[in-house]
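Remarks on the structure that follows.
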Ligand code: HAM
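In the working numbering, the protein residues as written are 791 to 1229.
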């Protein structure tokens, strides 16, 4: 008799278990709210697309297209299909197909799983999630800067630490061609010291030679012609326009002349947000301008700029940030003692939810001590405590589980006090007693 061999998940493709899914939902909610606040609307495209969309859109000679796509032939009709390795090409396809740019430019985003056959390690998976944000039909540089500003705001909303911005310009096609010729000439002069990889890439992808980790080549790489020096007036003005707006907003960045990105569709502005907190896979977000892609995929020429955030990396970094913001699973945990208080607690829970709060009302009888343990374990921001004494006085005790401070609040004022306290900037401190509604 056949024995059934245990089936496991595919390597590099992860289950999100119930103990982690709450964090995912919260993160996604923050991200969706943030996108809405900048006027971006959700566009949902299929997971599968025709393979040629990606080979054409992302570029034949890129790592993604050469070796990372999940491509297969549909056995029923012989079509070559590919699981999306990113969102931008599909978003552009959909925008063209549905004529989304007919009367005005569009701000859209997509959020969901994408697939790349890479070697799995921390922060690098074969199925991972991106939020991909695209401003279609905008020439910039104002919208390029706005996207960077909006990312800075997301990091602030999430309380992220140690994330920095790298910026570069890839100029226009002619400028890249002139730079490439100069770079190849330079590499030819240094042929004798190039390693095997360098020799192989010298003509196919000379920029990648400069990406080398080989210490013997660092000096040579540092002296190579820089694309930035090949920019014409218009490209330089575009970069200056982005930089001026970042300076206005007080956003720090470094110009990284080596930043080229791994997809072929970029021109002018490119950027990445990186951190040292995530080990080898420290790029949380990457993006830039892709003014040629819409035409390349068959649409009327229109400029565009966008970026994608790796959600697993964002979640990892978020979890390393402040506990009280990050770990919080619900807003409030309601504790109670005695029959009357238990019934009142159920009512209070409903009232607090009416006010938009997430609430767990303790179920079952237990000592205050063990209820308080549950409250801590729930990672609620506040405990609301109802005993006989409180009931008699018509108040509840509100305890901030972050700093342990406690105050009595009248039932009518309870929801308002908690909403104010929770919306008080990130640190979730309770308002000063004088600011709280009278008890
Ligand atoms: P990308 O740089 O290929 O750009 O990917 C964006 C982000 O996805 C990366 O910065 C990283 O956080 C995350 N990521 C990439 N590969 C993996 C992986 N194997 N495992 C986990 N996370 C990963 C794009 O995809 C462009 N479509 C971005 C864009 C949108 N440009 C313009 N619009």
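Each residue gets a CB set at the ideal place from its N, CA and C atoms; glycine is no exception.
**Q.** residue 800 - DSSP class collapsed to helix/strand/coil
**A.** coil
Q: Would you check if the stretch 1074-1088 and the stretch 1047-1064 touch, i.e. whether three or more CB-CB distances between them fall below 8 Å?
A: yes
Q | CB of residue 1170 within 7 Å of CB of residue 1209, strictly | A | no
Q. Quick one: is residue 867 buried, meaning 16 or more other Cβ sit within 10 Å of its Cβ, or exposed?
A. exposed
Q: Measure the CB-CB distance between residue 921 and residue 1084 and report whether it falls below 7 Å.
A: no
Q. Buried or exposed: residue 840, going by 16 or more other Cβ atoms within 10 Å of its Cβ?
A. exposed
Q | Contact under 7 Å by Cβ, residue 875 with residue 904 | A | yes
Q. CA-CA distance, residue 832 and residue 1153?
A. 38 Å
Q) According to the neighbour-count rule (16 or more other Cβ atoms, all chains shown, within 10 Å of its Cβ), is residue 836 buried or exposed? A) exposed
Q) Does the beta-carbon of residue 1175 have 16 or more other beta-carbons within 10 angstroms, so that it is buried, or is it exposed? A) buried
Q: Following the continuous alpha helix (DSSP H) through residue 1213, name the residue where it begins and the one where it ends.
A: 1201-1213
Q) How big is the Cα-Cα spacing for residue 1193 and residue 1165? A) 14 Å
Q: Quick one: residues in its chain with C-beta nearer than 8 Å to the C-beta of residue 793, no 5 flanking neighbours on either side, listed in chain order?
A: none
(Q) Quick check on the burial criterion: 16 or more other C-beta atoms within 10 angstroms. Buried or exposed for residue 797? (A) exposed
Q. Is it a yes or a no for the stretch 1030-1039 touching the stretch 922-931, going by three-plus beta-carbon pairs under 8 Å?
A. yes
Q. Relative to the alpha-carbon of residue 919, which residue among 799, 1055, 818 has its alpha-carbon at the smallest distance?
A. 818
Q | Continuous alpha helix (DSSP H) stretch holding residue 875: start and end | A | Looking at the DSSP string, residue 875 is not in any alpha helix (DSSP H), and its letter there is neither H nor E.
Q: Check the DSSP bridge columns for residue 1077 and list the partner residues they point to.
A: 1061, 1097
(Q) Using a Cβ-based criterion (distance less than 6 Å to any ligand heavy atom), does residue 922 qualify as near ligand 1? (A) yes
Q: Consult DSSP for residue 820 and reduce its assignment to one of helix, strand or coil.
A: helix
Q: Leaving aside the five residues before and after residue 845 along the sequence, list all residues of the same chain whose C-beta is less than 8 Å from its C-beta, in chain order.
A: 855
Q. Identify the residues that DSSP records as bridge partners of residue 902: which are they?
A. 920
Q) Distance, Cα to Cα, residue 1146 vs residue 885? A) 35 Å
(Q) Please tell me whether residue 1161 and residue 1104 are closer than 7 Å, where the distance is taken between their beta carbons. (A) no
Q: Identify which residue in 1049, 1181, 941, 951 has its Cα closest to the Cα of residue 1199.
A: 1181
Q. Near residue 1101, which residues of its chain fall below 6 Å by C-beta distance, leaving aside the five closest residues on each side in sequence?
A. 919
Q. Quick one: Cα of residue 821 to Cα of residue 1014, how far?
A. 40 Å
Q.
Between the stretch 801-808 and the stretch 1087-1095, can you find at least three pairs of beta-carbon atoms closer than 8 Å?
A. no
Q: Could you pull the start and end residues of the beta strand (DSSP E) that residue 950 belongs to?
A: No beta strand (DSSP E) contains residue 950, which DSSP labels as neither H nor E.
(Q) Given a cut-off of 7 Å on the beta-carbon distance, is the pair residue 897 and residue 829 in contact? (A) yes
Q. For residue 824 versus residue 944, is the C-beta distance shorter than 7 Å?
A. yes
Q) So, helix, strand or coil for residue 795, using DSSP? A) coil
Q: May I ask which residues mark the beginning and end of the beta strand (DSSP E) holding residue 1111?
A: That residue, residue 1111, is in no beta strand (DSSP E); it is neither H nor E in DSSP.
**Q.** Three or more C-beta pairs below 8 Å linking the stretch 1130-1137 and the stretch 944-955
**A.** no
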